[in-house]
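Number of protein chains: 2
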Amino acid sequence: MKIVVDAMGGDYAPEVPVQGAVDALKDNQEISIILVGKTEEIKAQLEKYEYDQSRIEIVHAEEVIGFDEPPVMAIRKKKNSSIVVGMNLVKKGEADAFVSAGSTGAILVGGQVIVGRIKGVERAPLAPLIPTAKGPALLIDCGANVDARSSHLVQFAKMGSIYMERVVGVEKPRVAIVNIGAEEEKGNQLVKETYPLLKECKDIHFVGSIEARDIPKGDADVIVCEAFVGNVILKLYEGLSSTLISKIKQGLMSTLRSKIGALLIKPALKNTMKDFQTDEHGGAPLLGLKGLVVKTHGSSNAHDIKMGILQCVQFTREKINDQIKENLTVE
Amino acid sequence: MKIVVDAMGGDYAPEVPVQGAVDALKDNQEISIILVGKTEEIKAQLEKYEYDQSRIEIVHAEEVIGFDEPPVMAIRKKKNSSIVVGMNLVKKGEADAFVSAGSTGAILVGGQVIVGRIKGVERAPLAPLIPTAKGPALLIDCGANVDARSSHLVQFAKMGSIYMERVVGVEKPRVAIVNIGAEEEKGNQLVKETYPLLKECKDIHFVGSIEARDIPKGDADVIVCEAFVGNVILKLYEGLSSTLISKIKQGLMSTLRSKIGALLIKPALKNTMKDFQTDEHGGAPLLGLKGLVVKTHGSSNAHDIKMGILQCVQFTREKINDQIKENLTVE
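Protein chains in written order, with our numbering: chain A, 7 to 337; chain B, 7 to 337.
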């Protein structure tokens, strides 16, 4: 199994992607890794570690796509960027998967344009795992293609179910559609059109509508919505958690008494909050492509990159793409 | 100034609405209150308190609209319900405002059908105040009418600005549209159509797009979105805060050490978290109607009801509806 890692992607490149790759090699004996990016910089990082040299290869890419570059233009113009070079390796079948902490927009565009969609897949959704009180749930779609149609959402539900069952290991994952009320007749035009289609779908376990309030409780495993709504949910999750936690920290530091208390609660709190962190769950897969593309957070640390890589192993081993092909072309 | 309070609305009716009304009377000498609902039950509650009897009146309403009744049907059929009777008092000009913790759906429908929209107002949005790190922000629209047009969103921005400036007291409120990126060209069809219209708008202080991640930080005072997205934001706010806080409590109770720490931090934490609570800010106004309708949370306590009532005073005193009329009919 061969996995390409974008050595130039993310806030802490190339240090962090290289370290994540080395760590992943140690954790899993089945894989080998291609680091794509500026050879000299990658070599300088690799020198810090001891690792099995036969399992790491460097493929040179002179350019880097920045976070603020318009994605379509960047993918078209920067043929020698780590993202384009890396994705081409997957396209040509020289690697199974591509992992990057780089520009989300460029990864989304590159995935569609370079790697390409599986025949029959209308749209390739970006599907991050978000933390809930009952473990991670898949939020599908959080990509950049908004104004989806109901047929897209049905495909998201199917692909998401396969992913949660086979990669994350959730048996009979509960699929729900994001809505503003629990009743079938509620919702906007898109939800009203999609609901009956999901209800009829035999190969998923559809549990109905989910209100945003119940997402953190863990009332569904696959949370289906169009990308605008998915983006709002994902980003509010990030923003609200960090604002609340900084409010709490501020409260803890406000008096001497509370400062002493803070020292006492720290270890216990750290343990509980860990369950509620996103980075334990690796990156977000871009589903429905001819190869696997995984996007990790721009601020990923080495652990996140490693988790993103290991996620690809399970994905490839379980032949998720063959299953997607089978399931989506039945109709 | 006369304010109608729905004595039968909310999870703790009639006890809590009656107590909230009595408390509001004590806090503000300008107002008198009409309690609408089952006379005998209201009287039994009123007996508990001492208050200026000349400023409270009871108007009998035999029926109650439940939380799970289909709203349109309920408003049409239950002519003697507290919501319908109360709203009719506003419609006939016998009162300035109506406050209820009852069924959101019924209040939204009743507001449009009974009280009616101001001429020129295309849609009456429900606009709750949500907590942010920099104080409350108005989230407009969180109502039940989804699939909005860009002209609706422009009116929301104008009405929201007037409300934040005159009722909440925010000078030159910053208006932003919820989007999935900061750039003008980003967004779904609706946002792309609305953005340039808001930019041209002279009577608001438009600051551009806001990503959901930045809402809790307090980057805008008036947050414009269509009702589906508004509902998702509002309910995720509620759900995520409560899940996070219960996770934290669970962590605090997990060891003896952390239990002792919890006792020490409690007072300080309570104070800081207070800034981040919704109930300090009263209820959500339904804007653009010929009278004021305020919806408070179904689980409102007496303090919430009182705040909802006092909010009406400021609204009426500042002649918000005259300003809305002026501003929306200029075009």
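Just so you know, even glycine gets a beta-carbon here, dropped at the ideal spot from N, CA and C.
Residues near residue i in its chain [Cβ-Cβ closer than 7 Å; skip 5 each side]
i	result
Val235/A	Val184
Val197/B	Ile183 and Asn185
Ala218/B	Val184 and Ile239
Glu324/A	Arg172 and Val173
Thr110/A	Lys301
Val213/B	Arg180, Val181, Ala182 and Ala226
Glu128/B	Ser157, His158 and Gln161
Lys205/B	Phe212
Gly141/A	Gly224
Gly304/A	Gly16, Asp17, Phe73 and Ala107
Val176/A	Met170 and Asp227
Val90/A	Ile81, Lys84, Gly116 and Ile120
Ser306/A	Gly16, Val22 and Ala107
Ile48/B	Ala13, Pro20, Val24, Leu41 and Ile64
Val319/B	Met7, Asn34, Glu36 and Ile37
Asn151/A	Arg129 and Ala233
Ala139/A	Pro222, Lys223 and Gly224
Glu69/B	Lys84, Asn86 and Ser87
Tyr55/A	Val28
Own chain partners of residue i with C-beta closer than 8 Å, once the 5 adjacent residues on each side are dropped
i	result
Ser215/B	Ala182, Ile183, Val184, Asn185, Gly187, Ala188, Glu189, Glu190, Lys192, Gly193, Val197 and Tyr201
Gly257/A	Ser264
Ile168/A	Ile326, Gln329, Ile330 and Asn333
Lys164/B	Cys207, Asp209, Ile210, Ile330, Asn333 and Leu334
Leu135/B	Pro142, Ala143, Leu144, Leu145, Val174, Thr284, His287, Gly288 and Ala290
Arg123/B	Arg129, Ala130, Gly294, Leu295 and Lys296
Enclosing alpha helix (DSSP H) for residue i [first to last residue]
i	result
Lys272/A	Leu262 to Lys280
Ile239/B	Ala233 to Leu258
Val10/A	Run containing Val10/A: none in the alpha helix (DSSP H); it sits in the beta strand (DSSP E), Lys8 to Asp12.
Ile146/A	It is not in any alpha helix (DSSP H) - Ile146/A instead sits in the beta strand (DSSP E) that spans Ala143 to Ile146.
Thr138/A	Taken as a continuous stretch (DSSP letters only), Thr138/A belongs to no alpha helix (DSSP H), as it is neither H nor E.
Ala27/B	Glu21 to Asp33
Leu316/B	Ala308 to Arg323
Opening and closing residue of the beta strand (DSSP E) in which residue i lies
i	result
Ser157/A	From DSSP, Ser157/A is part of no beta strand (DSSP E) but of the alpha helix (DSSP H) over Ser156 to Tyr169.
In DSSP terms, what residue i is bridged to
i	result
Ala290/A	Lys301/A
Leu295/B	Arg123/B
Ile113/B	None; Ile113/B has no bridge partner.
Leu334/A	In the DSSP output, where bridge partners are listed per residue, Leu334/A has none listed.
Val230/B	Ile146/B and Ile183/B
Contact set for residue i: own chain, Cβ-Cβ below 6 Å, skip 5 residues either direction
i	result
Pro131/B	Ile146, Asp147, Gly149, Phe162 and Leu293
Ala268/B	Leu258
Pro77/A	Gly111, Ala112 and Val115
Val105/A	Val11, Val300, Gly314 and Ile315
Gly26/A	Ala308, Ile311 and Lys312
7 Å Cβ cutoff, residue i in contact with chain D
i	result
Gln195/A	As a matter of chain content, chain D is missing from the structure shown, whose protein chains are A and B.
Item to check | chain A contacts made by the region 245–267 of chain B, where a contact means CB separation under 7 Å | outcome: Gly245, Leu246, Ser247, Thr249, Leu250, Lys253, Ile254, Gln256, Gly257, Leu258, Ser260, Thr261, Arg263, Ser264, Ile266 and Gly267
Next on the checklist: In chain order, what are the residue ranges of uninterrupted alpha helix (DSSP H) at least 4 long that sit wholly in the region 38–111 of chain A?
Outcome noted: 45–52, 77–83 and 88–97
Next on the checklist: Any C-beta of chain A within less than 8 Å: which residues of the region 143–158 of chain B qualify?
Outcome noted: Ala150, Val152 and Asp153
Item to check | Residue ranges of each alpha helix (DSSP H) within the region 176–227 of chain B, 4 or longer | outcome: 195–206
Next on the checklist: Which residues of the region 270–283 of chain A have a Cβ closer than 9 Å to any Cβ of chain B? Give them in chain order.
Outcome noted: Leu270, Ile271, Lys272, Pro273, Ala274, Leu275, Lys276, Asn277, Thr278, Met279, Asp281 and Phe282
Item to check | Residues within the region 225–244 of chain B neighbouring chain A, beta-carbon criterion of under 7 Å | outcome: Phe234, Val235, Asn237, Val238, Ile239, Lys241, Leu242, Tyr243 and Glu244
Item to check | Selection of the region 201–222 of chain A by Cβ proximity to chain B, strictly under 8 Å | outcome: Glu217, Ala218, Arg219, Asp220, Ile221 and Pro222
Checklist entry - Which residues, in chain order, does the region 97–118 of chain B contribute to contact with chain A at a C-beta distance below 9 Å? => result Gly111
Next on the checklist: To be precise: take each residue of the region 284–312 of chain B, compare its Cβ to all Cβ atoms of chain A, and keep it if any distance is under 9 Å. Which residues remain?
Outcome noted: none
Item to check | Contacting positions in the region 65–99 of chain A - beta carbon closer than 9 Å to chain B | outcome: Pro76
Checklist entry - Which of the residues in the region 125–145 of chain A, read from start to end, lie with their CB under 7 Å from any CB of chain B? => result Ala139
Item to check | Interfacial residues, the region 173–190 of chain B to chain A, with Cβ spacing under 7 Å | outcome: Val184 and Ile186
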